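Student: This is the structure I have questions about; it appears just below.
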């Protein structure tokens, strides 16, 4: 059990590094480094539009060239949760605060989640499936990211009178 | 010492997961899952007003129904610090970036801290006490969260002339 | 190898705590605690202007008195990456979301990175070198922090027509 735990901690560290690397490579726009974080046959789904879906790391790298349209970005990862399926596969959920700036100085921020399946291959842990969901965004963000759905209130719920919102 | 460390790492991981679970369950508005993260007799203090204080996980679950008034939220945890009192109890401090959106599209963001006492019970680690503090917020946030107090400058401090703020 | 891993995990935890302590001590404006996180002969570079560079923890503590000009701040750390040079030295990169508020209620937010060299001394891990870089900021932030440079697009890249940005 001690052996198992230590192994699991190494894996958790490597998977966390993988998810952080994605953010850093994207902000740097190091697209070869970024696509190398995914399996060759990865499936990536940022949203329902065709241009937000990619199959294979090569197609993903090509698709993410769209991020050049931002002059600057900053992707901050948090809330990482990792559940191991077996020793070579895990399901991960994480949150991202993603800020984007256009050449004209306007910006767009998204509060999102990454729901991933990661697998261990010859080159270490890689993202095999990524689905992005959006908790929310500011008025500047217009891309149609998959919407995160929360549980709806019970039918008899009455909004309280707090901060003038009811 | 090696045995102790490994045990402590497992505990740190479980406590970190507990704090992250709170954020995720709140954004999902999964209130039963959320209240199960607290001890039955927990004491929770978000601010001085009565409606921001709860005793017991049942009362907390009822109280947090107020969060239905937001159409969407996103709670991003960071800066987690854990100090063990003994092997079954720890004091934790963490930061949260919490974004909230109303049905009318207006939003409110708070930059806060959670100061927690967590204990190990039959069901694993749970939050026994939580006090929330606010470092700051934007103009849209109106709830009276406990204010985090910083150390005040010495009496003879003179503000420097930087970025036109003095 | 097991022995090495456990040691490395303890070090990773201590280094992570060090980086988080910086954020917490800065928001609390506990300057003696903050300067104690650095080596006596540290080199700190927030930007090209003289007042943004410090040599030695004593000079740094004095220099950071400028942060009193903010009424409130909130520094949220994420994306921590640690690469060990040897068992007593490591290179770290991390991201920070840093919110600042002036006495007049206006605020300024920066999305930045810390690139650090940390060393193990008699008092544990300390920051020996810190260079701050800026991914971006809002219109309220005016300080000349070192700019993070991303890779530029290939000469033949054509901006796609997404969200009205082209």
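Residue numbers (the numbering used here), protein chains in the order written: chain A, 18 to 183; chain B, 18 to 183; chain C, 18 to 183.
For glycine and all other residues, C-beta sits at the position ideal for the given N, C-alpha and C.
Since we're looking at a predicted model, the values are computed, not measured.
1. Assign residue 158 of chain A to buried or exposed, taking buried as 16 or more other Cβ atoms, counted over all protein chains shown, within 10 Å of its Cβ.
2. Does the stretch 78-94 of chain A come close enough to the stretch 163-176 of chain A that 3 or more CB-CB pairs lie under 8 Å?
3. Between residue 32 of chain A and residue 107 of chain A, which are expected to be in contact by the criterion C-beta below 8 Å, what is the C-beta distance as a whole number of angstroms?
4. DSSP three-state call for residue 65 of chain A: helix, strand or coil?
5. Using a Cβ-Cβ cutoff of less than 6 Å, which residues in the same chain neighbour residue 113 of chain C once the five nearest sequence positions on both sides are dropped?
6. Could you check if residue 161 of chain B belongs to the surroundings of the ligand ADP, using beta carbon to heavy atom distance under 6 Å?
7. What residues match up with residue 99 of chain B in a beta bridge as DSSP calls it?
8. Looking at chain A, which residues of the stretch 27-52 of chain C have a Cβ within less than 8 Å of any of its Cβ atoms?
9. How many Å lie between residue 176 of chain B and residue 162 of chain C at the Cα?
10. Less than 7 Å between the beta carbons of residue 12 of chain A and residue 143 of chain A, yes or no?
11. Measure the CB-CB distance between residue 119 of chain B and residue 132 of chain B and report whether it falls below 7 Å.
12. Please confirm whether residue 126 of chain A and residue 100 of chain A have their CB atoms less than 7 Å apart.
13. Anything in chain C within Cβ reach of residue 93 of chain A, meaning under 7 Å, just list it in chain order.
14. So, with DSSP's three-state summary, where would you put residue 85 of chain B?
15. Within 7 Å (strictly less), CB to CB, does residue 25 of chain B reach chain A?
16. So residue 152 of chain C contacts chain A; which residues on that side make the cut at Cβ distance below 8 Å?
17. Using alpha carbons as the reference points, say which of C:26, C:57, C:25 lies closest to residue 139 of chain C.
18. I believe residue 96 of chain B touches residue 97 of chain C by the beta-carbon criterion, under 8 Å. Please report the beta-carbon distance rounded to the nearest angstrom.
19. Go to residue 148 of chain B, then tell me how far its alpha helix (DSSP H) extends in each direction, as first and last residue.
20. Any idea what DSSP makes of residue 124 of chain B, helix, strand or coil?
21. Suppose the cutoff is 6 Å on Cβ atoms and the five residues either side in sequence are ignored; what does the same chain contact list for residue 74 of chain A look like?
22. Just confirm the distance between the C-beta atoms of residue 44 of chain A and residue 152 of chain C, as a whole number of angstroms; I'd bet it's less than 8 Å.
23. Can you tell me whether residue 87 of chain A is buried or exposed, with buried defined as 16 or more other CB within 10 angstroms of its CB?
24. Could you tell me the boundaries of the beta strand (DSSP E) in which residue 72 of chain B lies?
25. Alpha carbon to alpha carbon, how far is residue 39 of chain C from residue 76 of chain B?
26. Is there a C-beta anywhere in chain A that falls below 7 Å from the one on residue 83 of chain B?
27. Going by alpha carbons, who is nearest to residue 166 of chain B out of C:41, C:29, C:136, C:28?
28. Check each candidate in B:123, B:160, B:35, B:164 and name the one with the smallest Cα separation from residue 179 of chain A.
29. Could you tell me whether the Cβ atoms of residue 134 of chain C and residue 105 of chain C are closer together than 7 Å?
30. Considering residue 49 of chain B, what are the terminal residues of the alpha helix (DSSP H) in which it resides?
31. Any beta carbon of chain C sitting closer than 7 Å to that of residue 108 of chain B?
32. Check whether the Cβ of residue 128 of chain A lies closer than 7 Å to any Cβ atom in chain D.
33. For residue 85 of chain B, collect the residues of the same chain with a Cβ closer than 8 Å to its Cβ; drop the 5 residues on either side in sequence, then sort them by chain order.
34. Starting from residue 168 of chain B, find everything on chain C with Cβ-Cβ shorter than 9 Å and list it in chain order.
Tutor: Considering the structure as presented:
1. Here residue 158 of chain A refers to the residue found at position 141 of the first chain. The residue in question, residue 158 of chain A, is buried, as its Cβ has 16 or more Cβ neighbours within 10 Å.
2. no
3. Counting from one through the first chain, the residue named residue 32 of chain A turns up at place 15. Counting from one through the first chain, the residue named residue 107 of chain A turns up at place 90. Going by Cβ atoms, the distance from residue 32 of chain A to residue 107 of chain A rounds to 6 Å, so yes, they are a contact pair.
4. Along the first chain, one-based indexing puts residue 65 of chain A at 48. Here residue 65 of chain A sits in coil by DSSP.
5. As a working mapping, residue 113 of chain C is identified with position 96 in the third chain. Here the set comprises 92, 94, 129.
6. Judged by which ligands are present, the structure shown has none, so any question about the ligand ADP falls away.
7. Residue 99 of chain B sits at position 82 when you count from the first residue of the second chain. DSSP, once it has assigned bridges, lists B:109 as partnering residue 99 of chain B.
8. 29
9. Translated into positions along the second chain, residue 176 of chain B becomes position 159. Translated into positions along the third chain, residue 162 of chain C becomes position 145. Spanning the two alpha carbons is a distance of roughly 20 Å.
10. Residue coverage of chain A in this structure runs from 18 to 183, which leaves residue 12 of chain A outside it and unanswerable.
11. Start at 1 with the first residue of the second chain, and residue 119 of chain B comes out as number 102. Start at 1 with the first residue of the second chain, and residue 132 of chain B comes out as number 115. No. Outside cutoff.
12. Here residue 126 of chain A corresponds to residue number 109 of the first chain, with the count starting at 1. Here residue 100 of chain A corresponds to residue number 83 of the first chain, with the count starting at 1. Contact: no.
13. Along the first chain, read from residue 1 onward, the residue named residue 93 of chain A stands at position 76. Chain C residues near residue 93 of chain A: 95, 96, 112, 114.
14. Translated into the one-based positions of the second chain, residue 85 of chain B becomes position 68. Correct three-state label for residue 85 of chain B: helix.
15. Locating residue 25 of chain B in the second chain gives position 8, counting from the first residue. Output row for residue 25 of chain B: interface = no.
16. Residue mapping note: residue 152 of chain C aligns to position 135 of the third chain, counting from 1. By Cβ distance, chain A contributes 44, 89, 90, 91, 116.
17. Position 122 of the third chain holds residue 139 of chain C. Selected option, being the one with the closest Cα: C:57.
18. The residue given as residue 96 of chain B occupies position 79 in the second chain. The residue given as residue 97 of chain C occupies position 80 in the third chain. With a Cβ gap of about 11 Å, residue 96 of chain B and residue 97 of chain C do not count as contacting.
19. As a working mapping, residue 148 of chain B is identified with position 131 in the second chain. From DSSP, residue 148 of chain B is part of no alpha helix (DSSP H) but of the beta strand (DSSP E) over 141-154.
20. Position 107 of the second chain, counted from the first residue, corresponds to residue 124 of chain B. DSSP places residue 124 of chain B in strand when its eight states are reduced to three.
21. Taking the first chain and counting its residues from 1, the one referred to as residue 74 of chain A is at position 57. Around residue 74 of chain A: 52, 55, 57, 59.
22. Against the first chain, residue 44 of chain A aligns to sequence position 27. Against the third chain, residue 152 of chain C aligns to sequence position 135. 6 Å between Cβ atoms; contact.
23. For the purposes of this step, residue 87 of chain A is identified with residue 70 of the first chain, where counting begins at 1. Residue 87 of chain A is buried by the Cβ-count criterion.
24. Sequence index remark: in the second chain, residue 72 of chain B carries index 55 (1-based). Unbroken beta strand (DSSP E) run through residue 72 of chain B: 70-72.
25. Within the third chain, the letter at position 22 stands for residue 39 of chain C. Within the second chain, the letter at position 59 stands for residue 76 of chain B. Distance between the alpha carbons of residue 39 of chain C and residue 76 of chain B: 36 Å.
26. Here residue 83 of chain B corresponds to residue number 66 of the second chain, with the count starting at 1. Closer than 7 Å: yes.
27. Here residue 166 of chain B refers to the residue found at position 149 when the second chain is read from its first residue. Residue 166 of chain B has its Cα closest to that of C:41, out of C:41, C:29, C:136, C:28.
28. Locating residue 179 of chain A in the first chain gives position 162, counting from the first residue. Here the closest residue by C-alpha is B:160.
29. Taking the third chain and counting its residues from 1, the one referred to as residue 134 of chain C is at position 117. Taking the third chain and counting its residues from 1, the one referred to as residue 105 of chain C is at position 88. No, these two residues do not count as a Cβ contact at 7 Å.
30. Taking the second chain and counting its residues from 1, one reaches residue 49 of chain B at position 32. Counting along the chain, the alpha helix (DSSP H) containing residue 49 of chain B begins and ends at 48-52.
31. What you label residue 108 of chain B is simply residue 91 of the second chain in a count that begins at 1. Chain C, which has no Cβ nearer than 7 Å to the Cβ of residue 108 of chain B, makes this no.
32. In the structure shown, chain D cannot be found, because the protein chains are A, B and C.
33. Translated into positions along the second chain, residue 85 of chain B becomes position 68. Within the same chain, residue 85 of chain B has close Cβ partners 46.
34. Along the second chain, one-based indexing puts residue 168 of chain B at 151. Within 9 Å Cβ-Cβ: 45, 46, 47, 48.
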